[in-house]
Amino acid sequence: MAAEPTAHELLRKHRPTLDQALQAIRTRAYWSPHPEHPKAYGEDGSLDAAAGKAAFDALLGNRLDLADQPGVDDWVGGEVSPYGIELGVTYPHPDIDVLLPAMRAGQRAWRDAGPELRAVVCLEILKRISDRTHQFAHAVMHTSGQAFMMAFQAGGPHAQDRALEAVAYAYAEQVRTPEQAEWTKPQGKRDPLVLTKRFTAVPRGIGLVIGCNTFPTWNGFPGLFASLATGNAVLVKPHPRAVLPLALTVRIARDVLAEAGFDPNLVALAAERPGEGIAKTLALRPEIRIIDYTGSTAFGDWLETNAHQAQVYTEKAGVNTVIVHSTDDYQGMLSNLAFSLSLYSGQMCTTPQNLLIPRDGIATDQGHKSFDEVTADLARAVDGLLGDDARANALLGAIVNPDVKARLEAAAGLGEVALASRQVTHPDFPDAVVRTPVIVKLDGAKPDDEAAYMSECFGPVSFAVAVDSAADAVELLRRTVREKGAMTVGAYTTDAATEQAVEEACLEEAAQLSLNLTGGVYVNQTAAFSDFHGSGGNPAANAALTDSAFVANRFRMVEVRREA
Numbered sequence: 017m018a019a020e021p022t023a024h025e026l027l028r029k030h031r032p033t034l035d036q037a038l039q040a041i042r043t044r045a046y047w048s049p050h051p052e053h054p055k056a057y058g059e060d061g062s063l064d065a066a067a068g069k070a071a072f073d074a075l076l077g078n079r080l081d082l083a084d085q086p087g088v089d090d091w092v093g094g095e096v097s098p099y100g101i102e103l104g105v106t107y108p109h110p111d112i113d114v115l116l117p118a119m120r121a122g123q124r125a126w127r128d129a130g131p132e133l134r135a136v137v138c139l140e141i142l143k144r145i146s147d148r149t150h151q152f153a154h155a156v157m158h159t160s161g162q163a164f165m166m167a168f169q170a171g172g173p174h175a176q177d178r179a180l181e182a183v184a185y186a187y188a189e190q191v192r193t194p195e196q197a198e199w200t201k202p203q204g205k206r207d208p209l210v211l212t213k214r215f216t217a218v219p220r221g222i223g224l225v226i227g228c229n230t231f232p233t234w235n236g237f238p239g240l241f242a243s244l245a246t247g248n249a250v251l252v253k254p255h256p257r258a259v260l261p262l263a264l265t266v267r268i269a270r271d272v273l274a275e276a277g278f279d280p281n282l283v284a285l286a287a288e289r290p291g292e293g294i295a296k297t298l299a300l301r302p303e304i305r306i307i308d309y310t311g312s313t314a315f316g317d318w319l320e321t322n323a324h325q326a327q328v329y330t331e332k333a334g335v336n337t338v339i340v341h342s343t344d345d346y347q348g349m350l351s352n353l354a355f356s357l358s359l360y361s362g363q364m365c366t367t368p369q370n371l372l373i374p375r376d377g378i379a380t381d382q383g384h385k386s387f388d389e390v391t392a393d394l395a396r397a398v399d400g401l402l403g404d405d406a407r408a409n410a411l412l413g414a415i416v417n418p419d420v421k422a423r424l425e426a427a428a429g430l431g432e433v434a435l436a437s438r439q440v441t442h443p444d445f446p447d448a449v450v451r452t453p454v455i456v457k458l459d460g461a462k463p464d465d466e467a468a469y470m471s472e473c474f475g476p477v478s479f480a481v482a483v484d485s486a487a488d489a490v491e492l493l494r495r496t497v498r499e500k501g502a503m504t505v506g507a508y509t510t511d512a513a514t515e516q517a518v519e520e521a522c523l524e525e526a527a528q529l530s531l532n533l534t535g536g537v538y539v540n541q542t543a544a545f546s547d548f549h550g551s552g553g554n555p556a557a558n559a560a561l562t563d564s565a566f567v568a569n570r571f572r573m574v575e576v577r578r579e580a
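Using the working numbering, count along the sequence shown one by one with no gaps and you end on 580.
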């Protein structure tokens, strides 16, 4: 049996990684300690592909125990993979009146541990999660519908990067204030006033992480680790269709906390019965002082309006827009957009929905292209990208739930179809629902079309919207972000004035902008330590992953002063 890690051992092991993360958030340069390639795993105690798949298979049909989490009054489950298999895993259901007091009991020792020790304990949790990346990849794949490679990367190293980024920001904010100070104020001929002052980062209370179906780890990890690193206990309430990845996370966190000498109940799981709606109940409990939520605008707005006792961080829905004005790399633009529209069947909060194209067409390096030519060429680019079923399955993944499928099928009736969706058969999972994107042409001048393009249609649905001019496109972009929010904005233009107008609109409406992407970087992808995911400045989200504001209000500085 391995010896339990001491504080000194954890500092020696993880302080260099923490220092590198702190440097990365200062420089915003590329850096990641988590390998993206599956073959990088299998040494130094990590699970290789075969061992990770076996570890995932061993979970199916069994109970997932959580090291004696208190207040268990039932065992619940029911996850069905978007690929058509029943997971059969059951999880402890909590008696909240028992669990929440137990979670608070360990906070004093966790608070007194200080920012540095908390940070390296968090990094030990992340190291053990990283070692099981292959297992997590299958868990994410079969709860979210992501294709395996995307589940591996987005659900594994990219999610781990976002967690480490949150820990780095949390540490930096907590140590901004010194632990103690000697204060001397001169009094002229009298003796000076001398005080000794001690400053302690004090946690708010219990953090609640409300998980999402599509990116359970990528969206769940930042809030979990930001709250834990700032001294708070964390209760994880997964989406009922995507419990397994976060339940594994909780189990690992509890093991590490216990081994490091802390109360494992600092991290706990709240799985729910079908239709129970436990998130609303938890969100209003007085013990819950921080809430991290990713999901629908309706519930996000409800949390912001009603959970007054908590600091609420939300990532909701938006209408992401790309302005297509002109380009000097027409084929590169089409290829980049085709990939962006197709990746994970458009089931990303960053996927473009509205493509604003002048009705008179655009200037390109291949000559003038009319509105109809641009939409037809984009449709061909998507068809070419997804024409081979094996490649289509690797990019699209599966439709995550019936609501997305219903929206996709209804979209074809909203306007002229430039690209029809088709069904793709998955060779390994015949019950998987796999669909290619639909592109529908709409007219920005028609009030009847506005209801479609001004509403989020989550999934593989995009609208090619004809506008009168670049100025009209910018104005529609501005109105869309202001009224509906946007996680991402893209623009293609070779005109300096148009570029400046788009940039100014995004600065004024607080939307993250990508300009003229034609290579291997896409508008719906962001890199931890460098890119901000969301801005917190428009209706799509009230927080950004990750900036100082995301962590600084999870704790308060409390001062104790004495006369020297």
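Glycine included, every Cβ here is placed at the ideal spot set by N, Cα and C.
* **Which of helix, strand or coil DSSP assigns to H549** => Taking the first residue of the sequence shown as position 1, residue 549 is located at position 533. DSSP places H549 in strand when its eight states are reduced to three.
* To do: Note down the Cα distance separating W318 from T297, rounded to an integer number of angstroms.
  => For the purposes of this step, residue 318 is taken as residue 302 along the sequence shown, with counting starting at 1. For the purposes of this step, residue 297 is taken as residue 281 along the sequence shown, with counting starting at 1. In a straight line, the C-alpha of W318 is about 12 Å away from that of T297.
* DSSP state of Q325, grouped into three classes? -> Looking up residue 325 in the sequence shown gives position 309. In the structure shown, Q325 sits in coil (DSSP, three-state: anything other than H, G, I, E or B).
* So, helix, strand or coil for P117, using DSSP? -> Taking the first residue of the sequence shown as position 1, residue 117 is located at position 101. In the structure shown, P117 sits in a helix (DSSP, three-state: H, G or I).
* To do: In the DSSP assignment, find the unbroken alpha helix (DSSP H) run with T297 in it and report its ends.
  => Here residue 297 refers to the residue found at position 281 when the sequence shown is read from its first residue. Taken as a continuous stretch (DSSP letters only), the alpha helix (DSSP H) holding T297 covers I294 to A299.
* Length at least 3, wholly inside the region 353 to 433: the beta strand (DSSP E) runs in chain order -> 370 to 374
* Asked: Distance, Cα to Cα, T504 vs W47?
  -> Walking along the sequence shown from the start, residue 504 turns up at place 488. Walking along the sequence shown from the start, residue 47 turns up at place 31. For T504 and W47, the distance between alpha carbons rounds to 22 Å.
* To do: Sort R451, R578, R375 and G122 by Cα distance to A410 and report the nearest one.
  => Here residue 410 refers to the residue found at position 394 of the sequence shown. Selected option, being the one with the closest Cα: R451.
* From I101, P110 and A74, pick the residue whose C-alpha is nearest to that of L82; which is it? -> Numbered from its first residue, the sequence shown carries residue 82 at position 66. Of the listed residues, the one whose Cα sits closest to L82 is P110.
* Cut-off 8 Å between Cβ atoms - residues of its own chain near P173, not counting five sequence neighbours on either side -> On the sequence shown, residue 173 is found 157 positions in, with the first residue counted as 1. Closer than 8 Å at the Cβ level, and outside the excluded window around P173, lie S48, H50, P51, E52, S146 and T149.
* **C-beta atoms of V483 and A527 nearer than 7 Å** => Your numbering for residue 483 matches position 467 in the sequence shown. Your numbering for residue 527 matches position 511 in the sequence shown. No, Cβ-Cβ distance for V483 and A527 is not below 7 Å.
* **Simplified DSSP assignment, three categories, for H442** => Residue numbering aside, residue 442 sits at position 426 when the sequence shown is read from its first letter. Note: H442 maps to coil in three-state DSSP.
* Asked: Opposite K213 in the DSSP bridges: which residues?
  -> One-based indexing of the sequence shown puts residue 213 at position 197. Beta-bridge pairing links K213 to A197 and R577.
* Is it a yes or a no for the region 552 to 568 touching the region 234 to 247, going by three-plus beta-carbon pairs under 8 Å? -> yes
* Is V88 near P117, with beta carbons less than 7 Å apart? -> The residue you call residue 88 lines up with position 72 of the sequence shown. The residue you call residue 117 lines up with position 101 of the sequence shown. Going by C-beta atoms, V88 is not nearer than 7 Å to P117.
* Would you call the CB atoms of G227 and L262 closer than 7 Å? -> Mapped onto the sequence shown, residue 227 falls at position 211. Mapped onto the sequence shown, residue 262 falls at position 246. Yes.
* Asked: Just the Cα atoms here: how many angstroms apart are A245 and L282?
  -> Counting from one through the sequence shown, the residue named residue 245 turns up at place 229. Counting from one through the sequence shown, the residue named residue 282 turns up at place 266. Each residue's alpha carbon lies about 11 Å from the other.
* To do: Ignore the nearest five residues each way along the sequence and tell me which others in L133's own chain have a CB closer than 6 Å to its CB.
  => Position 117 of the sequence shown, counting from 1, holds the residue named residue 133. Excluding sequence neighbours, L133 sits near A23.
* To do: Run the CB neighbour count on R494, radius 10 Å, all protein chains shown included, and call it buried at 16 or more, exposed below.
  => Position 478 of the sequence shown, counted from the start, is the residue given in the question as residue 494. Buried: at least 16 other Cβ atoms inside 10 Å.
* Identity of the residue in K385, A135, A323 and M470 nearest T247 by Cα -> Along the sequence shown, read from residue 1 onward, the residue named residue 247 stands at position 231. The sequence given here has Gly at residue 247, not Thr. The option with the nearest alpha carbon to G247 is A135.
* Sort out for me which residues DSSP pairs E102 with in a bridge. => Translated into the one-based positions of the sequence shown, residue 102 becomes position 86. According to DSSP, E102 bridges with V96.
* Cβ atoms of G161 and P254: under 7 Å apart, would you say? -> Reading the sequence shown from its first residue, position 238 is the one you call residue 254. Reading the sequence shown from its first residue, position 145 is the one you call residue 161. No, Cβ-Cβ distance for P254 and G161 is not below 7 Å.
* Give the C-beta separation of L401 and F474 to the nearest angstrom, bearing in mind that I take them to be a contact with Cβ-Cβ under 8 Å. => Position 385 of the sequence shown, counting from 1, holds the residue named residue 401. Position 458 of the sequence shown, counting from 1, holds the residue named residue 474. Their Cβ separation, rounded to whole angstroms, is 21 Å, which puts L401 and F474 out of contact at 8 Å.
* For the candidate residues L142, F152, I41 and E25, whose alpha-carbon lies nearest to that of D73? -> Here residue 73 is taken as the residue at index 57 of the sequence shown, counted from 1. Cα-wise, what sits closest to D73 is F152.
* Asked: So the alpha helix (DSSP H) S564 belongs to, where does it begin and stop?
  -> Counting from one through the sequence shown, the residue named residue 564 turns up at place 548. Here the alpha helix (DSSP H) through S564 covers S564 to A568.
* To do: State the Cα-Cα distance for the pair H30 and E140, rounded to the nearest angstrom.
  => Along the sequence shown, one-based indexing puts residue 30 at 14. Along the sequence shown, one-based indexing puts residue 140 at 124. In a straight line, the C-alpha of H30 is about 7 Å away from that of E140.
* **7 Å CB neighbourhood of A427 in its chain, flanking five on each side removed** => As a position in the sequence shown, residue 427 is number 411, starting the count at 1. If we look at A427 and ignore the five residues flanking it on each side, its Cβ neighbours are V454, V456, C473 and V477.
* **Host alpha helix (DSSP H) of Y187 (start-end)** => The residue labelled residue 187 in the question sits at position 171 within the sequence shown. Unbroken alpha helix (DSSP H) run through Y187: P173 to Q190.
* K332 classed as buried or exposed, judged by whether at least 16 other C-beta atoms fall within 10 angstroms -> Counting from 1 along the sequence shown, the entry for residue 332 is found at position 316. By the neighbour-count rule (16 or more Cβ atoms within 10 Å), K332 is buried.
* Asked: Is it true that the CB of T212 sits closer than 7 Å to the CB of R5?
  -> Shown here, the chain extends from 17 to 580; a query on residue 5 therefore has no answer.
* **Coil, strand or helix - V490 by DSSP** => Within the sequence shown, numbered from 1, the residue matching residue 490 stands at position 474. Helix, per DSSP.
* To do: Using three-state DSSP, classify G506 as helix, strand or coil.
  => Within the sequence shown, residue 506 is the residue found at index 490, counting from 1. It is a strand residue.
* Beta-bridge pairing of R572 - partner residues as DSSP gives them -> Position 556 of the sequence shown, counted from the first residue, corresponds to residue 572. Answer is V218, bridged to R572.
* Determine contact between the region 309 to 326 and the region 342 to 351, defined as no fewer than three beta-carbon pairs at a distance below 8 Å. => no
* **7 Å Cβ cutoff met for A507 and I339** => For the purposes of this step, residue 507 is taken as the residue at position 491 of the sequence shown. For the purposes of this step, residue 339 is taken as the residue at position 323 of the sequence shown. Contact flag set, yes.
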